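Student: First the structure, which I've put down as structure tokens, then a few questions once you've had a look.
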Amino acid sequence: MEVNLEECDGLGGFKAQDEAKAASAYDAAQQAYASGEYRKALMRVGEVPNSSVYANEAAQLRTQVQEGLLKSWEKKAQDAIVRRDWAGARQAIDSMRTLGASPSDVRLLER
């Protein structure tokens, strides 16, 4: 996504340097997501301010990253259950809860 990096006249409150940082964070988040580095992607997408021109795209990417993390933790929980690694399963389930997994998804794994 290209952005006009001229300084704002105060309407958006962003200067060219701030928007360039937002662009860099968004691009890094996209790359991390594409390579399956969900935690890194979540961290980098969180660096995009709500007042940035990238805010809408970052919000969409954040949702995708969270879904990827949930799937990853669900697989870790399932694998841990198969191995009878109850501590590992509990840790993965707790991570899912932290990210806001639906109670029904978590209940299925806890059985």
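What the sequence shown shows, in the numbering used here, is residues 5 to 115, in sequence order.
All residues carry an ideal CB built from backbone N, CA and C; glycine is no exception.
Predicted, not measured: the structure shown is a model, and the values here were computed from it.
R101 lies in the alpha helix (DSSP H); which residues open and close that run?
Tutor: Along the sequence shown, one-based indexing puts residue 101 at 97. Its alpha helix (DSSP H) spans residues 90–103.
Student: Helix, strand or coil: how does DSSP classify G50 here?
Tutor: As a working note, residue 50 is residue 46 in the sequence shown. Here G50 sits in coil by DSSP.
Student: Looking at the unbroken alpha helix (DSSP H) that takes in E57, where does it start and where does it end?
Tutor: The count along the sequence shown starts at 1 and reaches residue 57 at position 53. In the sequence under discussion, the amino acid at residue 57 is Val, which differs from the Glu named in the question. V57 -> no alpha helix (DSSP H), and no H or E assigned at all.
Student: If you draw a straight line from the C-alpha of Q91 to the C-alpha of Q21, how long is it?
Tutor: Counting from one through the sequence shown, the residue named residue 91 turns up at place 87. Counting from one through the sequence shown, the residue named residue 21 turns up at place 17. Just to set this straight, residue 91 is Ala in the shown sequence, not Gln. Using only the alpha carbons, I get a separation of about 46 Å.
Student: Nearest by alpha-carbon distance to K80: which of Q70, Q68, M100, R66 is it?
Tutor: Taking the first residue of the sequence shown as 1, we reach residue 80 at position 76. The shortest C-alpha separation from K80 is found at M100.
Student: Are the beta-carbon atoms belonging to L73 and Y42 less than 7 Å from one another?
Tutor: Taking the first residue of the sequence shown as 1, we reach residue 73 at position 69. Taking the first residue of the sequence shown as 1, we reach residue 42 at position 38. It is a contact, given that the beta carbons lie within the stated cut-off.
Student: Taking 8 Å as the threshold, find out whether the stretch 65–72 comes into contact with the stretch 45–53 through three or more Cβ pairs.
Tutor: Touching, per the Cβ criterion.
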